[in-house]
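Everything on this sheet refers to the single structure shown next.
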Amino acid sequence: MTELPIRPLPKIFVVDDDASLRKSLMLVLEQEGMAVSAFHCAEDFLAAELPQSRSCAIVDMHMPGMNGLELQETLIRKGIALPVIILTGYGEFSASVRAIKSGAEDYLVKPVAREKLLVAVHSALAKSEQMLGIADRRQQARQRVEQLTQREREVMQLAINGASAKEIARNLNISHRTVEKHKSSLMHKTGSTNLLDLVKLATESGLAYGDHSEP
Numbered sequence: 001m002t003e004l005p006i007r008p009l010p011k012i013f014v015v016d017d018d019a020s021l022r023k024s025l026m027l028v029l030e031q032e033g034m035a036v037s038a039f040h041c042a043e044d045f046l047a048a049e050l051p052q053s054r055s056c057a058i059v060d061m062h063m064p065g066m067n068g069l070e071l072q073e074t075l076i077r078k079g080i081a082l083p084v085i086i087l088t089g090y091g092e093f094s095a096s097v098r099a100i101k102s103g104a105e106d107y108l109v110k111p112v113a114r115e116k117l118l119v120a121v122h123s124a125l126a127k128s129e130q131m132l133g134i135a136d137r138r139q140q141a142r143q144r145v146e147q148l149t150q151r152e153r154e155v156m157q158l159a160i161n162g163a164s165a166k167e168i169a170r171n172l173n174i175s176h177r178t179v180e181k182h183k184s185s186l187m188h189k190t191g192s193t194n195l196l197d198l199v200k201l202a203t204e205s206g207l208a209y210g211d212h213s214e215p
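Position 136, counted from 1, in the sequence shown is what UniProt numbering calls 136; the numbers after and before it change by one each time, with no gaps.
Take a look at the structure:
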């Protein structure tokens, strides 16, 4: 019998300068079978190695040095796909709104109720899995496109913009037969079967097709 691969435990990062709160959150999450790492400041957290698996961060809004909102914005700016749950104090509604508008997955008011904590964490982990799937598809799409030559990229760019084979030939000053050769080659390299596949590939790769440099 083939053994199923063991799925790694979800990883939760707790970033808060309150040692007692860190300990309390870690206890609850570990009881739920989650792996937890705690940090007393945003700077230490950013210096840590983040796993490429289901994970999320629970971050205090107010900490010495970089605050929770700044940490969240830093993660977004660095392209780190990690859902963030913000911890706020009672009455900090405006801060919570700013966090959500900036991309936070959720916010929790301290003291944190166990039930609300777990609901927020499970929601963030589901978002993490979705984000990882998108990132994986984008990486695969990039790898396919990067196999193409400069001319194949040019043909692909024109094709997904709706140009016919004759228009592509005229635009690139090549023969219709050469266009068809390039199209056949790029379809094979990218694993595409039709134009819709190419459009989807272009969208998923997130590449700027104005750059026709050789891969």
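We put the CB at the ideal spot given by N, CA and C, even for glycine.
So, are the CB atoms of L41 and M26 less than 7 Å apart?
A small correction: the amino acid at residue 41 is Cys; Leu does not occupy that position in the sequence shown. Contact: no.
(message) Can you look up E214 in the DSSP assignment and give me helix, strand or coil?
(response) Unreliable placement is indicated for E214, whose pLDDT of 39 sits below 50; the coordinate value is still reported in the next sentence. E214 falls in the coil class under three-state DSSP.
Q | Secondary structure of K200, DSSP reduced to three states | A | Three-state result, K200: helix.
Exercise for review: Measure the Cβ-Cβ separation of A120 and I76 and say whether it is below 7 Å.
Suggested key: no
Going by alpha carbons, who is nearest to N173 out of Q143, E73, L198, R151? R151
Sort E70, A113, H122 by Cα distance to R98 and report the nearest one. E70
query: Are the Cβ atoms of R137 and E204 separated by less than 7 Å?
result: The Cβ atoms of R137 and E204 sit closer than 7 Å to each other.
Ignore the nearest five residues each way along the sequence and tell me which others in S128's own chain have a CB closer than 6 Å to its CB. R54, S55, C56, P83
Less than 7 Å between the beta carbons of T88 and S96, yes or no? Contact flag set, yes.
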